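Inspection log for the structure reproduced underneath, given as structure tokens.
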């Protein structure tokens, strides 16, 4: 993993867009009635180092720069997601959560690649089979409420092996605002498939978490370069507020 790279300044990915000959900025509007917030895999499995097994537990036990960065950036990302959730709920806009993991202790319902990853987590945590279900449990700070949609998946993408696409289309949703973890894995995978399904996609830079700043930046660059918009949480809220009827301003606090 790269955490320091003298040839690239972390956070400067936008400067590289103009070096790409085919770059064309995506300028679609955020229409409140057709926009949903996607909260990808903000579960104990992904975020809670005290969960019995999972990404967070594995990183905590192994330590190192990846773990330090991941846990340091989770807090601000969670706060940004919280602001977005509050704004969407305030105006009865759809919030969609995904959770991810096996329904079974042996992972037989997962892809070959996912089973390899799960075995790695279990080997490091010392658990032979999961004795708890943190992959299903959204972290307390971001708990779903009545009216929110929660979709469990066994693949990286929210659209593979699930009814996500059908449900969103039935609700008239054509624009998706992506947040969650990990930026370069399930968030990017979900966003890429959404684009191929003709959704308009926004990635929220400060509402995603990754194990490396370079991984995070590359996902943002990929999105802005080829398939969507990249905004901050406050920019999303401000744009939606500007499109709401008079008197319906989306409140937010940074």
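Numbering (this note's numbering), first residue to last: 684 to 937. Beta carbons are placed, not taken as given, at the ideal position from N, Cα and C, and that holds for glycine. Just so it is clear, the structure is predicted and the values come from calculations on it, not from any experiment.
Within the model, the alpha-carbon separation for residue 810 versus residue 736 is close to 7 Å. Shown here for residue 874: same chain residues with a beta carbon closer than 7 Å to its own, the five before and five after excluded, namely 861, 884, 886, 906, 911 in chain order.
Distances from the alpha-carbon of residue 844 to those of 851, 818, 793, 697 put 793 closest.
Around the beta carbon of residue 755, fewer than 16 other beta carbons sit within 10 angstroms, so the residue counts as exposed.
If you keep only unbroken alpha helix (DSSP H) runs of at least 4 residues inside the region 788 to 842, you get 795 to 808. Going by beta carbons, residue 740 and residue 751 fall outside the 9 Å limit. For the pair residue 718 and residue 920, the CB atoms are not nearer than the 9 Å cut-off. Under the three-pair Cβ rule at 8 Å, the region 865 to 879 counts as touching the region 829 to 841. For residue 861, the uninterrupted beta strand (DSSP E) segment begins and ends at 858 to 864. Assigned with DSSP and collapsed to three states, residue 879 falls in helix. Leaving aside the five residues that flank residue 761 on each side, the residues in its chain whose CB is nearer than 6 Å to its CB run, in chain order, 824. Annotation: the continuous alpha helix (DSSP H) that includes residue 920 extends over 916 to 926. For the options 924, 914, 927, the alpha carbon positioned closest to that of residue 710 is the one of 914.
For residue 780, the secondary structure class from DSSP, reduced to helix, strand or coil, is strand.
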